[in-house]
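Trainee:
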Amino acid sequence: MDISAVNALSYEDFVNIFGNVVEKCPLITAAVWTSRPFTSLNALEATINEFIDALPESGKEGILRCHPDLAGRDLHSGTLTRESREEQARAGMDALSSAEASRVARLNEEYKRRFGFPFVICARATDKTRILRELSERCQNARAAEMARGIEEVKKICRLRLQGLVLSDAPNKL
Ligand SMILES: NC(=O)N[C@H]1NC(=O)NC1=O
5 MDISAVNALS YEDFVNIFGN VVEKCPLITA AVWTSRPFTS LNALEATINE FIDALPESGK
65 EGILRCHPDL AGRDLHSGTL TRESREEQAR AGMDALSSAE ASRVARLNEE YKRRFGFPFV
125 ICARATDKTR ILRELSERCQ NARAAEMARG IEEVKKICRL RLQGLVLSDA PNKL
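FYI, my numbering numbers position 157 of the sequence shown as 161, with every residue one higher than the one before it.
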């Protein structure tokens, strides 16, 4: 799909296709449709990032809270979004040993207790070993640093999801 095809989409189709580039936040997609035409995929990505950056802290926290835990309840109950399921599987989060699974569950809970939002990392840009290490290390950070870091990870996830939709030849959801 080239950018002119993206620009020609109705808002219904645009939200259908791009509604989950930020996990469970189709409102962001619906809002940026107003900024068409986009000159490039990078311009679409930049518009999404600007929208996120302009949100109050509570809005940014809300975005983080829309993310499922890594190797958490949604993965075990099969209720992850397709995108999240693929990302978590690629990082091996669906095939943890029982010791790893308990460690991740314990650290996820510790992280949420400490910060009030879940640990978010772009799973496709890393691997299981680094996720486990970062989960433990990032629990020690200050809250403001983790908010900023979590939002940077959301933007990375968004970038890779956008690229998957626009640059791949895979049939989209139209
Ligand atoms: N909690 C968290 O990081 N979740 C995610 N990361 C990712 O790459 N996809 C997700 O759903």
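Glycine included, each C-beta is placed from N, C-alpha and C at the ideal position.
1) Check whether the Cβ atoms of K132 and G96 lie closer than 7 Å to each other.
2) Spatial neighbours of S44 within its chain, please: C-beta separation below 7 Å, excluding the five flanking residues on both sides.
3) Note down, one range per segment and in chain order, each alpha helix (DSSP H) of at least 4 residues found wholly within the stretch 26-52.
4) Rounded to whole angstroms, what is the Cα-Cα separation between L171 and K116?
5) According to the Cβ coordinates, are L166 and E49 closer than 7 Å?
6) In or out: Q144 buried (at least 16 other Cβ within 10 Å) or exposed?
7) Taking one C-beta from the stretch 118-135 and one from the stretch 62-72 each time, how about it: are there three or more such pairs within less than 8 Å?
8) Are there 16 or more other CB atoms within 10 angstroms of the CB of R163, so buried, or fewer, so exposed?
9) Can you find at least 3 beta carbon pairs, one from the stretch 145-156 and one from the stretch 17-28, that sit closer than 8 Å?
10) Is E61 buried or exposed, if buried means 16 or more other CB atoms sit within 10 Å of its CB?
11) Under the criterion of a Cβ to heavy atom distance below 6 Å, does I155 qualify as lining ligand 1?
12) For H71, tell me which candidate among R86, A58 and D57 has the shortest Cα-Cα distance.
13) Quick check on R134: buried or exposed, where buried means 16 or more other Cβ atoms within 10 Å of its Cβ?
14) Taking the continuous alpha helix (DSSP H) assigned at F119, which residues delimit it?
15) Using the Cβ count rule (16 or more neighbours within 10 Å means buried), how would you classify R142?
16) Which whole-angstrom value describes the C-beta separation of A75 and L59, a residue pair presumed to lie in contact below a C-beta threshold of 8 Å?
17) For A146, name the three-state secondary structure that DSSP assigns.
Mentor: This is what the structure gives:
1) yes
2) I7
3) 30-36
4) 35 Å
5) yes
6) exposed
7) yes
8) buried
9) no
10) exposed
11) no
12) R86
13) exposed
14) S102 to F119
15) buried
16) Actually they do not touch by this definition, with Cβ atoms about 28 Å apart.
17) coil
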